[in-house]
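Top to bottom, those sequences are chains A and B. In short: position in the first sequence from 1, add 153, done, that's the numbering used here. In short: position in the second sequence from 1, add 153, done, that's the numbering used here.
Protein chains: 2
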Amino acid sequence: MTLASDDEMLEVLRAEGKRITPQRSLLLRVLRDSDGHLDADEIYRRAREKDQRISLSTVYRNLNVLKELGLIIELHLDQEHHHYELRDTAEHHHLICSDCGRVVEFDSRLVGKLRDQISEEKDFLITRVHIDLVGLCSECRDESD
Amino acid sequence: MTLASDDEMLEVLRAEGKRITPQRSLLLRVLRDSDGHLDADEIYRRAREKDQRISLSTVYRNLNVLKELGLIIELHLDQEHHHYELRDTAEHHHLICSDCGRVVEFDSRLVGKLRDQISEEKDFLITRVHIDLVGLCSECRDESD
DNA sequence: GTACTTGCAAACTGTTTGCACATCA
DNA sequence: TGATGTGCAAACAGTTTGCAAGTAC
């Protein structure tokens, strides 16, 4: 499902003249072991569980490096801070429960259709599509009755 | 195109037990006279052109009030800070040029279809849909050739 | 009159940066 | 060895808040 193994990702770093440091390997591992959409602080917390010494600024710096190399994606999930996830071959979007905060990924043919339609209508070359659907998941909906 | 006139919006404030202050009227006027998607600082700048004394914290406080009353919408246009616009009867989404920053609004039948499809598939009650398409507008595309 | 609102300055949060030291290649 | 990366603390940007004074109703 995911673009590349950790090794392949490390290879991208090397190819771009970036060094492979224990911190970078660790961050990639944390991201891979997660279910996606972690914020910087959560990534920092999980990384520290494995290596006490990593610093928050290193986390931020490397998230930016990985983002520039296209290995991860920065999300703006209707929150005050950013979320990050490994870049995936399968484009997907997010369905967010406004009550419990749960995030579910989805995709649909309609997304590509929409993109094509608007691209033509507005004469844009569309490179990225962000879709967030916000609502109540079935559990939270039941509770609120 | 827009939900209500300024007077109607002020009426909503009154109905909620909020006071109608010159600052609030001014902010609504600034939002209405704009093309949408202004950030707080720009709103502050424009408001100050009309009334020197308004403060940035008043701007923030009132944007939050208006947001809670549903009179305006807060956007997260892939930037570090928020943008605001008057709530519109016609739901619309944003097409953003990653080069010049231009923002174009759009809507499409496909959005409702997508919403219905995912709602059913994932068993969510979907209340809000945010779509940002990012790309190059025709002018920026021509320049980059 | 009084609860709500304002302006100011100070606090807060998420993120970035300068610098000296450490480290990958 | 030399360029890159790290940790720390300090800076920064956007936003929120405490408080005393002002104002809508």
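We put the CB at the ideal spot given by N, CA and C, even for glycine.
The beta-carbon of residue 240 of chain A is placed no less than 8 Å from the nearest beta-carbon of chain B. DSSP places residue 293 of chain B in the uninterrupted alpha helix (DSSP H) bounded by 291-296. Using a Cβ-Cβ cut-off of 8 Å, residue 253 of chain A is close to nothing in chain B; its nearest Cβ partner there is about 12 Å away. The beta carbon of residue 234 of chain B sits closer than 6 Å to those of 192, all from its chain and outside the five residues before and after it, given in chain order. Look at the stretch 266-288 of chain B: the residues with a C-beta under 9 Å from a C-beta of chain A are 266, 267, 268, 270, 271, 272, 274, 275, 276, 277, 278, 279, 280, 281, 282, 283, 284, 285, 286, 287 and 288.
Taking a 10 Å sphere around the C-beta of residue 217 of chain B, we find fewer than 16 other C-beta atoms and assign the residue as exposed. In this structure, residue 225 of chain B places its C-beta atom within 8 Å of the C-beta atom of residue 237 of chain B. Collapsing the DSSP output to three states places residue 288 of chain B in a strand. The C-beta of residue 291 of chain B comes closer than 8 Å to at least one C-beta of chain A.
Per the Cβ contact rule, the stretch 277-289 of chain A is in contact with the stretch 245-259 of chain A (3 or more Cβ pairs under 8 Å).
For residue 255 of chain B, the three-state secondary structure derived from DSSP is coil. Taken in chain order, the unbroken stretches of beta strand (DSSP E) that lie wholly in the stretch 186-250 of chain A and span 3 residues or more are 225-228, 236-239 and 246-250.
Straight through space, the alpha carbons of residue 222 of chain A and residue 168 of chain A are spaced by roughly 10 Å. DSSP places residue 260 of chain A outside any alpha helix (DSSP H), giving it a letter other than H or E. Counting C-beta pairs with one atom in each stretch, the stretch 261-268 of chain B and the stretch 202-219 of chain B have fewer than three that are closer than 8 Å, which means they do not touch. Spatial neighbours of residue 230 of chain B in its own chain (CB-CB distance under 8 Å, excluding positions within 5 residues in sequence) are listed in chain order as 190, 236, 247, 249, 256 and 285.
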